[in-house]
Each structure stands twice: as C-alpha cells, then as structure tokens.
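Q: Here the sequence shown stands for residues -23 to -1, 1 to 209, numbered as in mature numbering (1 follows the signal peptide of the UniProt record, and there is no 0). Encoded as structure tokens, here's the structure I'll be asking about.
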Amino acid sequence: MSNFSPPSRRSFLFASGAGVALAGTAVAMHANSKEPALKLDAYKPEYFNADEWAFVLAATARLIPSEGDGPGAIEAHVPVFIDRQLKGYYGNAEIWYMEGPHDPAATPDRGWQSPLNPAQLYRKAIPAFNAACTERFGKEFKSLAAEQQDEALTALQKGEIKLDPELSLFFATLLANTKEGYFADPVHGGNHGMQSWKYIGFPGARASYMEWVDQHNKKYPLGPVSIKGERA
C-alpha cells in the first residue's frame, strides 16, 4: 500500500525492525519445532480456513511487497508465522488480562482493547473487511488488483473503512504480526532462510560479539545464525 511502498522498504524495515526482531508480541510457539521448513504452497494452515489463508497471503504481500531489493513477506513465509501464532497461546490470549471494560479509542499504551483474542479478531475481521471491499470495489480483497489492495488497506488503516468497534485493532494487529513474522527467528515459521536478517545485517543468535564491541562503523562480516544453529 502507499504507506509501505517498495522504494522505502529499507527505511521501513530499519525503523520498525529493531524492536520487533527481539521483542515481538506474537513469537509464542513452535520454539522447539524440529520440522523442516516447507515451501509456502505446500504448507497446510493450522488455524486459518481457505478464505482466511488467501486473505493473509494477499494482505501480507502488500504490507511488505516482493518488489524491491530485499525479500517480501511471501518469500519470508510471514503467513506461516501468523497462522501458527494464532493456533497457539498468543492467538488464544491465554496469558493476557482480557476482562473489560474495553475502549477501542484508548491509546496503545493501555494494552489490548477488544473482548476478542487475536485468533477471534482475525476470524471476524477478515470476512468483515472482505465485505467492505466487495461493497467498495466489487470484489473481495484477494481478487483486487494490487493498487486497489493498497487503497483498501490504507483506507482500513485510516479508519475510512469502518469495522465494528471490537474489530478496530485489526489493521494494527495484522501489521504488527507481519513485522514479527518477517523478523522473528525462523523456528517460529517466518523469516524463511533468515532472509530478512541477511537483508538488514542482523547476526541472529550468535553467542559472542566481544571482539566487535569497540569496532564502530564496521560492517559485521558473518551471516546470521538461528536458534537451532542454522547458518545463512
């Protein structure tokens, strides 16, 4: 979408990536998974149904597009990350305080302001947003041209497409989860092949950097290492 166009990807990633790489809210499950990474078209969603999966593929592809000099959300398998997170205790908000009252107009520092957990939020917001796209453009989101998808997401972000108050967190949650899936350790399903880490020069889970503490303004020459010890 216009706010996340490919020419500004590097500045977008550097501006949003540092905190997400180390402290994303969703990196909750599959930390001990030993299964090999699947090709995206062979992945069978654990939480999403077919319509939801098609939407998430299309939406994340516009939030971090494949065009440009670095990997997009699809190449990084961001949809896999989101699907797995929603299946686990992040999606169920098992360790969150979820009692009301909820104020959709509250500032972000006041925490989650919806009676729905993240999994429920996606399940209810996706068909609602698809219905709004159909009313506005004549087609569901996945079937729109890229320019119309950008327009639809921008309208959702700005509140020009209005969903029910309990769904007001949807765009912010989708964007945050997309960033998290892009930068998280590959053990969680996203950042396939540590592509985003290689792109921004993040070394990953290497054990020691003592020899680099005083070497300022020098590019770190070694590739990233994942939690499982994979190297790229």
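C-beta: ideal position from N, C-alpha, C; glycine also.
#1: From which residue to which residue does the alpha helix (DSSP H) around L144 run?
#2: Quick one: what does DSSP say V190 is sitting in, helix, strand or coil?
#3: Do T37 and L98 have their C-beta atoms within less than 8 Å of each other?
#4: Please classify G47: does DSSP put it in a helix, a strand, or coil?
#5: Could you tell me which residues DSSP pairs with V202 in its beta bridges?
#6: So what's A5 in DSSP terms, helix, strand or just coil?
#7: Here's the rule: buried if 16 or more other CB atoms are within 10 angstroms of the residue's CB, otherwise exposed. What is R87?
#8: Would you tell me roughly how many angstroms separate the C-alpha atoms of G170 and E23, rounded to the nearest one?
#9: Using only alpha-carbon positions, find the residue among L40, N168, D60, A184 that is nearest to Q134.
#10: Say whether the segment 172 to 181 touches the segment 195 to 206, bearing in mind that this needs 3 or more beta-carbon pairs closer than 8 Å, one atom from each stretch.
#11: Return the residue from the list A123, K205, L63, P142 that minimises the CA-CA distance to P42.
#12: Which residue wins for smallest C-alpha separation from R113, given the options Q126, K101, R208?
#13: Classify M171 as helix, strand or coil using the three-state DSSP reduction.
#14: Between T155 and V55, which are expected to be in contact by the criterion C-beta below 8 Å, what is the C-beta distance as a whole number of angstroms?
#15: Return the CA-CA distance between H79 and L140, expressed in angstroms with no decimal places.
#16: Helix, strand or coil: which one does DSSP assign to Q62?
#17: Does the Cβ-Cβ distance between Q90 and A96 come in under 8 Å?
#18: For Y74, which option in L93, Q62, G206, R61 has the closest C-alpha, if you only look at C-alpha atoms?
#19: Tell me which residue opens and which closes the alpha helix (DSSP H) that Y99 is part of.
A: Inspection of the coordinates gives the following:
#1: Per DSSP, L144 belongs to no alpha helix (DSSP H) and is neither H nor E.
#2: coil
#3: no
#4: coil
#5: G181, R208
#6: Only weak support is given to the placement of A5: the predicted model assigns it a pLDDT of 43, under 50, and the value that follows is read from those uncertain coordinates. Note: A5 maps to coil in three-state DSSP.
#7: exposed
#8: 21 Å
#9: L40
#10: yes
#11: A123
#12: Q126
#13: helix
#14: 5 Å
#15: 16 Å
#16: helix
#17: no
#18: L93
#19: 95 to 114
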